[in-house]
Amino acid sequence: MSDVISIAVAKLSEKLGTGFDGTARFDIEGEGSVYVDGAGVRASDEEADVVISADADTFRSIIEGDLDPTSAFMSGRLKIDGDMGQAMKLGSALA
């Protein structure tokens with residue numbers, strides 16, 4: 000597992016815990032995937048209700064609170080495929 004994925008799992012676990020009631024996958028270009036569901040956060044490329052894709056720098060800026068997820072999406076730095084409602088829940092939790 001890459002350092003970026005390890006850091007992402009730790010940061011997302013802090014922010015989300017086990018309180019997410021859907022399934023989501025963050026695809027980080029060139030690094031791998033992070034999966035989120037009611038059981039928590041882990042490195043995995045399982046099928047999910049929503050898939051959020053970004054490069055490593057964009058993703059890092061979002062989880063560190065330096066970049067608003069909505070702004071990243073509106074500027075094209077973050078791509079969303081699937082359930083937009085689940086993506087909005089994640090965005091609120093990460094903001």
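In numbering that gives the first Met the number 0, the protein residues as written are 0 to 94.
Where a beta carbon is used, it is the ideal one built from N, C-alpha and C, also for glycine.
### Message
Do Ala42 and Thr22 have their beta-carbon atoms positioned less than 7 Å apart in this structure?
### Response
Thr22 is not a Cβ neighbour of Ala42, given a cutoff of 7 Å.
### Message
Run through the DSSP bridge pairs and tell me what Gly81 is partnered with.
### Response
Val49
### Query
Do Glu30 and Ala55 have their C-beta atoms within less than 7 Å of each other?
yes
### Query
For Thr57, which option in Lys78, Lys88, Val50 and Gly39 has the closest C-alpha, if you only look at C-alpha atoms?
Lys78
### Message
Using the Cβ count rule (16 or more neighbours within 10 Å means buried), how would you classify Asp80?
### Response
exposed
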